[in-house]
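Heads up, the thing below is written out as structure tokens.
In the working numbering, the protein residues as written are 219 to 432.
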């Protein structure tokens, strides 16, 4: 008998928002929420990509089960990544779950910094912290390298100088909250010239800082 393919559920608007690995958890997160926004995906990778985007990008569209490949023309339109750069990424075993983040040299994947693991964290919080760490690192080094991230959400939070997470804080993740507050404080008190750029995964593959857990 063929086994049912495992699904992952993205909840953009719920209590709490996040990525769930079974329907029961997803159902609990959207129960009683008027206008809840959620959708299922066939892989954790697809779910993470979807969660980093807006619900409106997926509303009314069937989720693809086949990996789409770009044509040569579309890849050419994206060009090649700037190797004079560093790249950051985060990984979380759940949402929330055990989270860590790091920054690497884009060209060589040499690790420049790594933080974690942190209890009861999320991927988005990790991406935000990784970006702030990268900005502070490059400023300290007086480097003009650009900074790559594959998270549009984290880029938006950086612009607003605020980690706009709905993550519940408590004793188990107090150290993470302290780090978030320090990151927000740094953004408010420091200026920087570093260019933060979106890593185009569909054209270039996984970001060099990826933890390889997909």
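Ideal placement from N, C-alpha and C gives every residue a C-beta, glycine not left out.
{"Asked": "Beta-carbon proximity list for residue 354, same chain, < 8 Å, skipping 5 on both sides", "Found": "404, 408"}
{"Asked": "Close beta carbons around residue 255, own chain, < 6 Å, minus the five adjacent residues each side", "Found": "230, 231, 273"}
{"Asked": "Residues bridged to residue 329 (per DSSP)", "Found": "322"}
{"Asked": "Residues near residue 458 in its chain [Cβ-Cβ closer than 6 Å; skip 5 each side]", "Found": "There is no way to answer for residue 458, as the model of the chain reaches only from 219 to 432."}
{"Asked": "Residue 381 beta carbon less than 9 Å from that of residue 414", "Found": "no"}
{"Asked": "Own chain, CB closer than 7 Å to residue 375, minus 5 neighbours either side, in chain order", "Found": "346, 381, 382"}
{"Asked": "Distance, residue 304 Cα to residue 349 Cα", "Found": "10 Å"}
{"Asked": "Buried versus exposed, by CB contacts within 10 Å (16 or more), residue 269", "Found": "buried"}
{"Asked": "Sequence-distant residues of its chain with Cβ nearer than 8 Å to residue 259 (five each side left out)", "Found": "225, 226, 227, 228, 265, 268, 281"}
{"Asked": "Exposure label - residue 392; buried when at least 16 CB within 10 Å", "Found": "exposed"}
{"Asked": "Residues near residue 302 by beta carbon distance below 6 Å, same chain, minus five either side", "Found": "363"}
{"Asked": "Span separating the alpha-carbon of residue 307 from that of residue 296", "Found": "20 Å"}
{"Asked": "Contacts around residue 379, its chain only, beta-carbon distance under 7 Å, and the 5 residues preceding and following it disregarded", "Found": "402, 405, 406"}
{"Asked": "Outcome for residue 321 when other beta-carbon atoms lying within 10 angstroms are tallied against a minimum of 16", "Found": "buried"}
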